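Q:
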Amino acid sequence: MAAEGNLQKKLIEWLEAKGFYTFNVVGNAKQKTGICDLLAWDKYGVTYAIELKATGEVPKPLQMRRLIQMSRNCVMTFLADDFDEITALIEDTLTGLNYRSKRDTANECYNVAHSTAIRMGLLFDESEGTWHTGAIES
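So for the sequence shown, the working numbering puts the first residue at 77; every next one is plus one.
This is the structure we're talking about:
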């Protein structure tokens, strides 16, 4: 958890330096379970939902389902375990928002989250709500 917390702290500092408003999600009994670790809004009001993991950790199926649900509602969703990777992806998203519709960019962000899971060696079966590990055929 310390590695994930360090990644989150560093990312919050980076986002705020870029002018984002951030909200660190701390789960409690009164909120939905599976909500991502960090919410952020850019200066245009675009919402970013970011699930962070320490290297080698995987998201719970419910966490991935929440990212999918949010991406279907035009939220930019990310799954990350590396600072340089997540900041590069967010920079690309900010650039993309200048010429693509929010819906297209949200769909792309869902694909980014899914691609990150695949890079982690995971495949999420949305219909079953389960992860499959091991060699993934493409």
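Every residue gets a Cβ at the ideal spot worked out from N, C-alpha and C, and that includes glycine.
Being a predicted model, the structure only gives us computed values, none of them experimental.
(1) By Cβ distance, which residues of its chain are closer than 8 Å to Q84, with the 5 residues on each side in sequence left out?
(2) Answer yes or no: do T131 and D160 have a C-beta to C-beta separation smaller than 8 Å?
(3) Give the straight-line distance between the Cα atoms of L155 and M140, rounded to the nearest whole angstrom.
(4) For D118, collect the residues of the same chain with a Cβ closer than 6 Å to its Cβ; drop the 5 residues on either side in sequence, then sort them by chain order.
(5) Cα separation between V134 and Y120?
(6) Give the DSSP-derived three-state secondary structure of N100 in the structure shown.
(7) For L143 and A125, which I take to be in contact (beta-carbon distance under 8 Å), what is that distance rounded to the nearest angstrom?
(8) Which partner residues of T153 appear in the DSSP bridge assignment?
(9) Could you pull out every residue in the same chain whose Cβ sits closer than 6 Å to the Cβ of L91, ignoring the five residues on either side in sequence?
(10) Taking all protein chains shown into account, decide if V102 is buried (16 or more other Cβ within 10 angstroms of its Cβ) or exposed.
A: In this structure, then:
(1) N100, D113, L114, L128
(2) no
(3) 9 Å
(4) F96
(5) V134 and Y120: Cα-Cα distance of roughly 31 Å.
(6) strand
(7) That belief holds up - the Cβ atoms of L143 and A125 are roughly 6 Å apart, short of 8 Å.
(8) Its beta-bridge partners are A125.
(9) T98, A116
(10) exposed
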